Amino acid sequence: MILIRNIFQLKFGKAREAKEIWNEGKNTVEGFTKMNYRVLFDLVGDSYTMVLEVTADNLSAFEQQMQSNVGTDAWRNWYQKFIPLCESGRREIFTIVEENKL
10 MILIRNIFQL KFGKAREAKE IWNEGKNTVE GFTKMNYRVL FDLVGDSYTM VLEVTADNLS
70 AFEQQMQSNV GTDAWRNWYQ KFIPLCESGR REIFTIVEEN KL
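This note's numbering applies: residue 10 is where the sequence shown begins, and numbers increase by one.
Below, the structure written as structure tokens:
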């Protein structure tokens, strides 16, 4: 199992708008309903940081998830609204070695 962490450094004051656009996207982009994900916003540290964490069985499964999202008009239209809110972004991918869920 892997964890993919997409980290977006939002422009100053754009967190609320990013949350609104995320909510719009998760309801219109069908691929979002087929993923295990969490959305996080900073509490401390770098201000205006949004993180989209996704889990997948392996890199191949993640790549298939991405292709089913990125290839759609709905995703492209949503992404064009989201991108202007971002200063930068990066992706981190981890192997999940152990997990304890209470």
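Beta carbons are placed, not taken as given, at the ideal position from N, Cα and C, and that holds for glycine. Quick caveat: nothing in here was measured; it's all calculated off a predicted structure.
Within 8 Å, strictly: CB atoms of residue i and residue j
| i | j | result |
| --- | --- | --- |
| residue 98 | residue 11 | no |
| residue 13 | residue 70 | no |
Distance, residue j Cα to residue i Cα
| i | j | result |
| --- | --- | --- |
| residue 111 | residue 61 | 22 Å |
| residue 29 | residue 68 | 29 Å |
| residue 45 | residue 104 | 15 Å |
| residue 59 | residue 33 | 16 Å |
| residue 83 | residue 77 | 11 Å |
| residue 106 | residue 100 | 19 Å |
| residue 63 | residue 47 | 7 Å |
| residue 54 | residue 27 | 18 Å |
| residue 95 | residue 89 | 11 Å |
| residue 19 | residue 75 | 22 Å |
| residue 50 | residue 109 | 22 Å |
| residue 37 | residue 93 | 19 Å |
| residue 43 | residue 35 | 10 Å |
| residue 79 | residue 87 | 10 Å |
Identity of the residue in the options nearest residue i by Cα
| i | options | result |
| --- | --- | --- |
| residue 52 | 88, 87, 24 | 24 |
| residue 102 | 109, 87, 72, 93 | 72 |
Per DSSP, cross-strand counterpart(s) of residue i
| i | result |
| --- | --- |
| residue 45 | 64 |
| residue 97 | 18 |
| residue 58 | 18 |
| residue 12 | 64, 103 |
Contacts around residue i, its chain only, beta-carbon distance under 8 Å, and the 5 residues preceding and following it disregarded
| i | result |
| --- | --- |
| residue 21 | 56, 57 |
6 Å CB neighbourhood of residue i in its chain, flanking five on each side removed
| i | result |
| --- | --- |
| residue 91 | 30 |
Residue i at chain C interface by Cβ criterion, 8 Å
| i | result |
| --- | --- |
| residue 103 | Judged by its chain identifiers, the structure shown contains no chain C, having just a single protein chain. |
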